Amino acid sequence: MHAGMVLRRLLKIDANTSAPVETLHGDPRIALVSQFFEGTGATYDRMVQWATLGIDRLWKRRMVRAIPADARRILDLACGTGISTLAIARARPDAEIVGVELREEYLQFAREKLEDEPRPNISLVLSRAEDYTSAVPFDCISSSYLAKYAELPRLIAANRAMLRPGGVLLMHDFTLPPNPLLRVIWRAYFKIMQHTVARALPSWREIYFGLPRLIEATQWITELPQVLRAQGFEDIRVEYLTLYGSALVTARTPDSRPTARPVTPARPADSR
Ligand SMILES: C[S@@+](CC[C@H](N)C(=O)[O-])C[C@H]1O[C@@H](n2cnc3c(N)ncnc32)[C@H](O)[C@@H]1O
Numbered sequence: 023m024h025a026g027m028v029l030r031r032l033l034k035i036d037a038n039t040s041a042p043v044e045t046l047h048g049d050p051r052i053a054l055v056s057q058f059f060e061g062t063g064a065t066y067d068r069m070v071q072w073a074t075l076g077i078d079r080l081w082k083r084r085m086v087r088a089i090p091a092d093a094r095r096i097l098d099l100a101c102g103t104g105i106s107t108l109a110i111a112r113a114r115p116d117a118e119i120v121g122v123e124l125r126e127e128y129l130q131f132a133r134e135k136l137e138d139e140p141r142p143n144i145s146l147v148l149s150r151a152e153d154y155t156s157a158v159p160f161d162c163i164s165s166s167y168l169a170k171y172a173e174l175p176r177l178i179a180a181n182r183a184m185l186r187p188g189g190v191l192l193m194h195d196f197t198l199p200p201n202p203l204l205r206v207i208w209r210a211y212f213k214i215m216q217h218t219v220a221r222a223l224p225s226w227r228e229i230y231f232g233l234p235r236l237i238e239a240t241q242w243i244t245e246l247p248q249v250l251r252a253q254g255f256e257d258i259r260v261e262y263l264t265l266y267g268s269a270l271v272t273a274r275t276p277d278s279r280p281t282a283r284p285v286t287p288a289r290p291a292d293s294r
C-alpha cells in the first residue's frame with residue numbers, strides 16, 4: 023500500500039479525534055504527527071522510558087555509538103524534546119549539534135532542558151526535516167523515530183546534499199517483528215497500553231491507537247535502503263535491535279563525488 027494512502031486511512035480511523043487535523047494541514051504526514059503528539063510534550067520523556075522499559079535509552083546509546091569519532095558537525099532530525107540531541111551532545115561535547123523539530127510544543131521542552139543543562143554546542147531549529155537545508159555541510163545526520171513519518175525520497179535527497187563526502191546517515195525507528203510469536207506479543211503489548219495508559223492519560227490515546235497501525239503499515243525499512251541506493255549512498259546497513267522491535271539503518275556518502283561519466287551514444291539495436 024502506498025505510504026500516503028496509509029496515512030490518509032490512519033487519519034480517518036479515529037473520526038472522533040479532538041482536532042480537525044485534515045483541515046488543519048494539507049499534508050497528511052504533518053496532520054498525523056499533530057494528531058499523535060498534540061499535548062504529549064510534558065509527559066513524553068517519562069512515557070518513552072517507562073513504555074519501552076528503558077530500552078529507548080539503549081537504542082539511543084547504539085545510535086550515538088554509530089556516529090563517526092571524527093564527526094564535528096552533527097544534525098539530529100526530529101529532535102523532539104531533545105532526548106537524542108542531548109545524548110549526542112553529552113557524548114560529543116566538542117561537536118556542533120543542530121536539532122531540527124517540526125513541532126514548537128516539543129521544541130519548547132528541548133529549550134527548557136537546555137536552560138537546566140546549558141550546552142552551547144547545541145542549536146535548535148523549528149523546521150520540517152524534509153525542508154531543512156544548510157550551506158555548511160554535516161559529518162553525520164541522525165534521526166530517531168522520524169523515518170515512518172517522513173517523505174523519504176525528499177528527505178534523503180536533502181540529507182545527501184548536506185552531508186560532506188564520506189558523511190554518515192543514521193536512521194532509527196520502530197519495526198514490526200517478522201516472527202509470528204513476537205508479533206503476538208507486540209500486538210498484546212499495544213492492546214494493554216490502549217486499555218490502561220490511553221485511558222488514564224487521554225493525550226496519549228491517539229499514539230497508542232495510531233502508532234501500532236502505522237508501524238504495521240509503514241514500509242520505511244524496505245523503502246529507505248532503496249531510496250539511499252538511488253541517491254548514491256554506499257555501505258547501506260540495516261541492524262535490527264531488541265527482538266526486531268526497531269532498526270538502525272546506516273549509510274555513507276561516497277568519499278568523493280563521482281565525476282560525471284562521458285555520455286556514450288546508445289548503439290542501435292540491430293547493430294550487433
Ligand atoms: C517520537 S518523537 C522522537 C523525538 C526524539 N528524536 C527522540 O528520540 O526522543 C518523534 C518526533 O518527530 C517529529 N517529527 C515527525 N515528523 C517530522 C518531520 N517531518 N520533520 C521534523 N520532525 C518531525 C515529531 O514532531 C516528534 O517530535
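To convert, count from 1 in the sequence shown and add 22; that's my numbering.
Glycine residues also receive a C-beta, built at the ideal position from the N, C-alpha and C atoms.
Owing to the predicted nature of the structure, the values given are computational and were not obtained by experimental measurement.
*asked:* Tell me the DSSP secondary structure of Pro-199 in three-state form.
replied: Here residue 199 is taken as the residue at index 177 of the sequence shown, counted from 1. If DSSP states are grouped into helix, strand and coil, Pro-199 belongs with coil.
task = Reducing DSSP to helix, strand and coil, say where Ala-73 ends up.
result = One-based indexing of the sequence shown puts residue 73 at position 51. In the structure shown, Ala-73 sits in a helix (DSSP, three-state: H, G or I).
**Message:** Count Cβ pairs between the segment 261-278 and the segment 170-189 that sit closer than 8 Å; are there 3 or more?
**Reply:** yes
Residue of Ile-110, Glu-126, Arg-125 minimising C-alpha distance to Ile-119:
Working through the sequence shown from its first residue, we reach residue 119 at position 97. If we check each option's Cα against that of Ile-119, Ile-110 comes out closest.
Task: Separation of Thr-103 from Gln-130, as counted between CA atoms - done: For the purposes of this step, residue 130 is taken as the residue at position 108 of the sequence shown. For the purposes of this step, residue 103 is taken as the residue at position 81 of the sequence shown. Looking at the two C-alpha atoms, the distance is approximately 7 Å.
- Query: Between the C-alpha atoms of Ser-165 and Met-193, what's the straight-line distance to the nearest angstrom?
  - Reply: The residue given as residue 165 occupies position 143 in the sequence shown. The residue given as residue 193 occupies position 171 in the sequence shown. Answer to the nearest angstrom: the Cα atoms are 5 Å apart.
field: Inter-residue Cα distance where the pair is Val-297 and Pro-115
entry: Within the shown structure, residues of the chain are numbered from 23 to 294, placing residue 297 beyond reach of any answer.
### Task
Please specify which runs of the alpha helix (DSSP H), each continuous and at least 4 residues long, are wholly inside the segment 201-263, giving them in chain order.
202-217, 219-222, 227-239, 242-252
Euclidean distance between Cα positions of Arg-84 and Val-260
Walking along the sequence shown from the start, residue 84 turns up at place 62. Walking along the sequence shown from the start, residue 260 turns up at place 238. In a straight line, the C-alpha of Arg-84 is about 13 Å away from that of Val-260.
_Going by beta-carbon coordinates alone, are Pro-175 and Val-249 separated by less than 8 Å?_
As a working mapping, residue 175 is identified with position 153 in the sequence shown. As a working mapping, residue 249 is identified with position 227 in the sequence shown. Contact: yes.
Apart from the five residues just before and just after Ala-269, which ones in its own chain have a Cβ nearer than 6 Å to its Cβ? In the sequence shown, residue 269 corresponds to position 247, counting from 1. So the qualifying residues of the chain are Thr-197, Ile-243, Val-260, Tyr-262.
Worksheet item: Around the C-beta of Leu-124, are 16 or more other C-beta atoms found within 10 angstroms, so that it is buried, or is it exposed?
Response: Start at 1 with the first residue of the sequence shown, and residue 124 comes out as number 102. Classification of Leu-124: buried, given that the 10 Å Cβ count is 16 or more.
Note to self: Spatial neighbours of Phe-58 within its chain, please: C-beta separation below 8 Å, excluding the five flanking residues on both sides.
What the structure shows: By one-based count along the sequence shown, residue 58 stands at place 36. For Phe-58, where only same-chain residues beyond five positions count, the Cβ hits under 8 Å are Glu-228, Ile-229, Gly-232, Leu-233.
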